[in-house]
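Engineer: Each residue of the sequence shown is one higher than the one before, counting from 0 in numbering that gives the first Met the number 0.
The beta-carbon is built from N, C-alpha and C at its ideal position, and this holds for glycine as well.
Since the model is a prediction, treat every value here as computed from it, not as a measurement.
First, the structure itself, so that you have it in front of you.
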Amino acid sequence: MRKKEKVYVFGHRNPDTDSVSAAISLAYLKNKQGINAIPAVLSSVNLETKYALDYFEEKEPIFLNDVKIKVKDLKYTKNYTIHEADSIYSSYYKMEKAGISKIPVVNKDKKMLGIVSMKDIAKEQFSCDYDRVDALYNNIINVIDGNSILKYDDVIQGNLIVAGFRSATFIEEVNLGSDNVLIVGDRHSIIEYAIESKVKLIVITGNHQIKNEHLKLARKNKVNIITTSLSTLQTSKIFNLCNCVKSIIRDNSVLCIDENEDLNEFIKIANKTRYSYYPVLGKNEQCLGILRFSDVGYGNKKNVILVDHNSYEQSAIGLEEANILEIIDHHNIGSIGTNMPIAFRNMPVGSTNTIIYMLYKEAGVTIPKHIAGLMLSGILSDTLILTSPTTTDIDIDVVKKLSKIAKVDYKKYGFDMIKAGTSLKGKTLEEILYTDFKTYTVDNKRIGLGQIMTTNIEEVEDRVDEYVSMLDKLCEENDYYFINLYVTDILKNGTYVLYSKNAQSILKSAFNIKDIHQLSYLDKIISRKKQILPAIMNEMQ
Numbered sequence: 000m001r002k003k004e005k006v007y008v009f010g011h012r013n014p015d016t017d018s019v020s021a022a023i024s025l026a027y028l029k030n031k032q033g034i035n036a037i038p039a040v041l042s043s044v045n046l047e048t049k050y051a052l053d054y055f056e057e058k059e060p061i062f063l064n065d066v067k068i069k070v071k072d073l074k075y076t077k078n079y080t081i082h083e084a085d086s087i088y089s090s091y092y093k094m095e096k097a098g099i100s101k102i103p104v105v106n107k108d109k110k111m112l113g114i115v116s117m118k119d120i121a122k123e124q125f126s127c128d129y130d131r132v133d134a135l136y137n138n139i140i141n142v143i144d145g146n147s148i149l150k151y152d153d154v155i156q157g158n159l160i161v162a163g164f165r166s167a168t169f170i171e172e173v174n175l176g177s178d179n180v181l182i183v184g185d186r187h188s189i190i191e192y193a194i195e196s197k198v199k200l201i202v203i204t205g206n207h208q209i210k211n212e213h214l215k216l217a218r219k220n221k222v223n224i225i226t227t228s229l230s231t232l233q234t235s236k237i238f239n240l241c242n243c244v245k246s247i248i249r250d251n252s253v254l255c256i257d258e259n260e261d262l263n264e265f266i267k268i269a270n271k272t273r274y275s276y277y278p279v280l281g282k283n284e285q286c287l288g289i290l291r292f293s294d295v296g297y298g299n300k301k302n303v304i305l306v307d308h309n310s311y312e313q314s315a316i317g318l319e320e321a322n323i324l325e326i327i328d329h330h331n332i333g334s335i336g337t338n339m340p341i342a343f344r345n346m347p348v349g350s351t352n353t354i355i356y357m358l359y360k361e362a363g364v365t366i367p368k369h370i371a372g373l374m375l376s377g378i379l380s381d382t383l384i385l386t387s388p389t390t391t392d393i394d395i396d397v398v399k400k401l402s403k404i405a406k407v408d409y410k411k412y413g414f415d416m417i418k419a420g421t422s423l424k425g426k427t428l429e430e431i432l433y434t435d436f437k438t439y440t441v442d443n444k445r446i447g448l449g450q451i452m453t454t455n456i457e458e459v460e461d462r463v464d465e466y467v468s469m470l471d472k473l474c475e476e477n478d479y480y481f482i483n484l485y486v487t488d489i490l491k492n493g494t495y496v497l498y499s500k501n502a503q504s505i506l507k508s509a510f511n512i513k514d515i516h517q518l519s520y521l522d523k524i525i526s527r528k529k530q531i532l533p534a535i536m537n538e539m540q
């Protein structure tokens, strides 16, 4: 893959320390291998993860709301606008060069004022409204390929007059004033008359020169003068193209699209409106360019690598619109399918970071101290400092090696890290439930299992009724068969369970609880993946 192509690496929707540190450590490895990998999170990090990031001085990954294809991901014509003060000719030239028949008109802040089309320019050319001039001096120079002789005004406005009569007739019958723009050849008497009348601008055609005495008088009267090699006929035919494009702007029937709009939503809009072109707006409504509907396709999917999960329900919104390049996980195989073969590394170990450690060794890439510390944090978190039944000999070996690189006592550091994340103070009940929450489908029934760690079970005991009420309400509102919240006491090495009403009989049988009640204690049960979920699945199936 080319370096310039971004690849987003992220874990599940409710990021824990293992998923966040896995995203960072794998992205680091991929960058060392020449891939432009960017670690991301799908939600805010918890206190435990923040402790690890702060300890090893690593910044939090970027927030990724979804991986849907956005308008900004499309190959639309960027930096394609015309300033309101630019000439009509400039807008024509830009459209001709781009092969696009419309161009957005913007102000000095790049905000959309309207749109101009080839049709608008043609209409202007055939309108017979040739005598109106609203142009910039420099634009006139550029359009008629002129030379600046005298310049006193940036803006040239007035009525255009072409010296078509013989000199005596012109001077006798044509009244000139400060609101006139005159196109003339080598008729010196008319030039003198125009200067004395203090016209706004004189354009002398055919590369004819102005007399010194006329030039002196023009300076006195502050008359703008331009010369051009074009003939009087040629100059007059294109002069209205010097006018500012704002003079023909059309601000109706212009539908703009935000660069962050989902592609599917844009297509729905486009199918209803059936316009050919849509100006694209970015921050502060600045116009970034124009999108041609006929060029819209699905070839700009985001490239992603998933860590610590492999199911749609736990992943980023819009994942079906992304290119999944790779999956690194240590959970059961989920629901994700791909159109093409991908690298899929799944192992029955205690942490995704254990697998990533092996990838570093296979690639021969040195693990720096801060990355080693984050990988270590992920393993200690998911294995509860190597006490969880999910812990393998591989995890233990990797922890010992990473702790040497990170230069920490893994037992002390692990306890401090987990303790930092156990405080429930200041959190709402829903925030506590969704700290580490996963959804599963068992026997066609949707269930939710949340898990938190604590060193102070009293924080939960004081609000049992509120927790239960919340679980029942969320079940009803979100179509769950039941929701459980498992409160793991890291000091007692066991777990308390809170549950919605449909879960009671299943929990009673699954864990052989004779007198089940809210906050029933499950001794030596601490792993959702290896102990809790399998027991529930066996009972439900």
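According to DSSP, which residues form a beta bridge with residue 325?
Structural biologist: Residue mapping note: residue 325 aligns to position 326 of the sequence shown, counting from 1. According to DSSP, residue 325 bridges with 304 and 342.
Engineer: Under 8 Å Cβ to Cβ from residue 428, same chain only, skipping five residues before and after it: list those, please.
Structural biologist: Within the sequence shown, numbered from 1, the residue matching residue 428 stands at position 429. Answer for residue 428: 462, 465, 466 and 469, listed in chain order.
Engineer: Do the CB positions of residue 510 and residue 499 come within less than 8 Å of each other?
Structural biologist: Residue 510 sits at position 511 when you count from the first residue of the sequence shown. Residue 499 sits at position 500 when you count from the first residue of the sequence shown. In this structure, residue 499 does not lie closer than 8 Å to residue 510 by Cβ.
Engineer: Who are the near neighbours of residue 441 in its chain, counting only those whose CB is closer than 6 Å to its CB and skipping five residues on each side?
Structural biologist: Residue 441 sits at position 442 when you count from the first residue of the sequence shown. Cβ within range, chain order: 536 and 539.
Engineer: In whole angstroms, give me the CA-to-CA distance for residue 338 and residue 261.
Structural biologist: As a first step, residue 338 must be located in the sequence shown, where it is residue number 339. As a first step, residue 261 must be located in the sequence shown, where it is residue number 262. Distance between the alpha carbons of residue 338 and residue 261: 22 Å.
Engineer: Would you check if there are 3 or more beta carbon pairs closer than 8 Å linking the region 445-460 to the region 472-487?
Structural biologist: yes
Engineer: Give me, in chain order, the residues of the same chain whose beta-carbon lies closer than 8 Å to that of residue 286; leave out the 5 immediate sequence neighbours on both sides.
Structural biologist: Counting from 1 along the sequence shown, the entry for residue 286 is found at position 287. For residue 286, where only same-chain residues beyond five positions count, the Cβ hits under 8 Å are 80, 103, 105, 109, 110, 111, 255, 278, 279 and 280.
Engineer: Reducing DSSP to helix, strand and coil, say where residue 501 ends up.
Structural biologist: For the purposes of this step, residue 501 is identified with residue 502 of the sequence shown, where counting begins at 1. Here residue 501 sits in helix by DSSP.
Engineer: Mind the definition here: the region 365-380 touches the region 317-332 only if three or more C-beta pairs lie below 8 Å; say whether that holds.
Structural biologist: no
Engineer: Residue 474 lies in the alpha helix (DSSP H); which residues open and close that run?
Structural biologist: By one-based count along the sequence shown, residue 474 stands at place 475. First-last of the alpha helix (DSSP H) with residue 474: 463-477.
Engineer: Work out the CA separation of residue 34 and residue 0 for me, nearest whole Å.
Structural biologist: As a working mapping, residue 0 is identified with position 1 in the sequence shown. As a working mapping, residue 34 is identified with position 35 in the sequence shown. Confidence at residue 0 is low in this model, with a pLDDT of 48, below 50, so the placement of that residue should be treated as unreliable; the coordinate-derived value is given next. Straight-line measurement puts the Cα of residue 34 at about 7 Å from the Cα of residue 0.
Engineer: Under 8 Å, do residue 388 and residue 529 count as touching if we go by C-beta distance?
Structural biologist: Looking up residue 388 in the sequence shown gives position 389. Looking up residue 529 in the sequence shown gives position 530. Cβ atoms of residue 388 and residue 529: closer than 8 Å.
Engineer: If I measure Cβ to Cβ from residue 117 and keep anything under 8 Å in the same chain, skipping five residues before and after, which residues do I get?
Structural biologist: Mapped onto the sequence shown, residue 117 falls at position 118. Excluding residues within five positions, the ones whose Cβ falls inside 8 Å are 91, 94, 100 and 101.
Engineer: Should the region 197-210 be regarded as contacting the region 222-235, the criterion being three or more beta carbon pairs within less than 8 Å?
Structural biologist: yes
Engineer: Let me confirm a value: residue 17 is counted as buried when at least 16 other C-beta atoms fall within 10 Å, else exposed. Which label applies?
Structural biologist: Stepping through the sequence shown from its first residue, residue 17 is reached at position 18. Buried.
Engineer: Taking residue 39 as part of the beta strand (DSSP E), name the residues at either end of that continuous run.
Structural biologist: Counted from its first residue, the sequence shown places residue 39 at position 40. Residue 39 -> beta strand (DSSP E) spans 35-40.
Engineer: DSSP on residue 541, reduced to helix/strand/coil?
Structural biologist: The chain is shown only over 0 to 540; residue 541 falls outside these bounds and no answer can be derived.
Engineer: Which partner residues of residue 9 appear in the DSSP bridge assignment?
Structural biologist: The residue you call residue 9 lines up with position 10 of the sequence shown. Paired residue(s): 39 and 305.
Engineer: Considering only their Cβ atoms, is the gap separating residue 380 from residue 15 smaller than 8 Å?
Structural biologist: For this step, residue 15 is matched to residue 16 along the sequence shown. For this step, residue 380 is matched to residue 381 along the sequence shown. The answer is yes: Cβ separation under 8 Å.
Engineer: Which of helix, strand or coil does DSSP assign to residue 455?
Structural biologist: Residue mapping note: residue 455 aligns to position 456 of the sequence shown, counting from 1. Three-state result, residue 455: coil.
Engineer: Buried or exposed for residue 413, please, with buried defined as at least 16 other CB atoms from any protein chain shown within 10 angstroms of its CB.
Structural biologist: Within the sequence shown, numbered from 1, the residue matching residue 413 stands at position 414. Buried: at least 16 other Cβ atoms inside 10 Å.
Engineer: Return the Cβ separation of residue 138 and residue 85 in integer angstroms, given the expectation that the two are a contact with Cβ distance under 8 Å.
Structural biologist: By 1-based counting over the sequence shown, the position of residue 138 is 139. By 1-based counting over the sequence shown, the position of residue 85 is 86. Right, the Cβ-Cβ distance comes to about 7 Å (below 8 Å), so this counts as a contact.
Engineer: Between residue 430 and the rest of its own chain, which residues show a CB-CB distance below 6 Å, the 5 nearest in sequence each way excluded?
Structural biologist: The residue labelled residue 430 in the question sits at position 431 within the sequence shown. Contacts found: none.
Engineer: Over the uninterrupted alpha helix (DSSP H) stretch that includes residue 217, give me the two end residues.
Structural biologist: For the purposes of this step, residue 217 is taken as the residue at position 218 of the sequence shown. Run containing residue 217: 211-220, per the alpha helix (DSSP H) assignment.
Engineer: To the nearest angstrom, how far is it from the Cα of residue 2 to the Cα of residue 72?
Structural biologist: In the sequence shown, the residue the question calls residue 2 occupies position 3. In the sequence shown, the residue the question calls residue 72 occupies position 73. Note that residue 2 has pLDDT 48, beneath the 50 cutoff, so the model's placement of it is unreliable and no number is given.
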